[in-house]
Each structure stands twice: as C-alpha cells, then as structure tokens.
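What the sequence shown shows, in my numbering, is residues 295 to 369, in sequence order.
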Amino acid sequence: MVKKIKSKTIKTIFGEIKNEAVDKEEYFLELCRMEDTKILNALNALHSRLTEGKKQMALKWSVEYNVLLGERSHD
Numbered sequence: 295m296v297k298k299i300k301s302k303t304i305k306t307i308f309g310e311i312k313n314e315a316v317d318k319e320e321y322f323l324e325l326c327r328m329e330d331t332k333i334l335n336a337l338n339a340l341h342s343r344l345t346e347g348k349k350q351m352a353l354k355w356s357v358e359y360n361v362l363l364g365e366r367s368h369d
C-alpha cells in the first residue's frame with residue numbers, strides 16, 4: 295500500500311501558504327477581493343468612455359438586470 299505524504303505548504307501566486315483551513319480561506323478571500331477589484335476597474339474604465347446618454351442607459355440596464363437576479367444594490 296502506497297502512503298501519500300501530505301504537503302505542509304501549498305504554492306500560490308502569493309508564495310507558499312500552510313495547508314490549513316484558515317490559511318486556505320484567507321487565500322480564497324484575497325483572490326475574491328482581487329477579482330472584485332478587477333471587475334470594478336473594468337466598469338470604471340467602461341463608464342469613463344461612455345457619453346452621458348449611454349451611461350444612463352447602462353445604469354438602467356444594470357438595475358433591471360440586478361432586479362431580475364434578485365440582487366440588491368450595495369449603495
């Protein structure tokens with residue numbers, strides 16, 4: 295029977311972390327925060343290129359889309 299040796303660390307984009315639930319959760323939360331930041335930056339870049347009329351249309355569309363999904367605004 296082959297025994298697997300459990301790795302004590304996990305290689306990530308931030309370096310190595312311990313193979314423990316708390317460290318993995320912190321890593322996951324940091325990845326989520328980075329993805330949220332990327333999305334916000336993309337939205338800001340998009341809105342900076344839109345005219346006022348297009349911005350109003352985009353806002354109306356996003357509000358209607360979020361209502362359909364059942365999401366509430368964070369404002």
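A virtual CB, placed ideally from N, CA and C, is assigned to each residue, including glycine.
The structure displayed is predicted, hence computed values, not measured ones.
Approximately 6 Å separates the beta-carbon atoms of Thr303 and Asn313; this is inside 8 Å, confirming the contact.
Taking 9 Å as the cut-off, the beta carbon of His341 is found no closer than this to the beta carbon of Lys332.
In the three-state reduction of the DSSP assignment, Glu310 falls in the strand class, which pools E and B. Here DSSP, grouped into helix, strand and coil, assigns Lys302 to coil.
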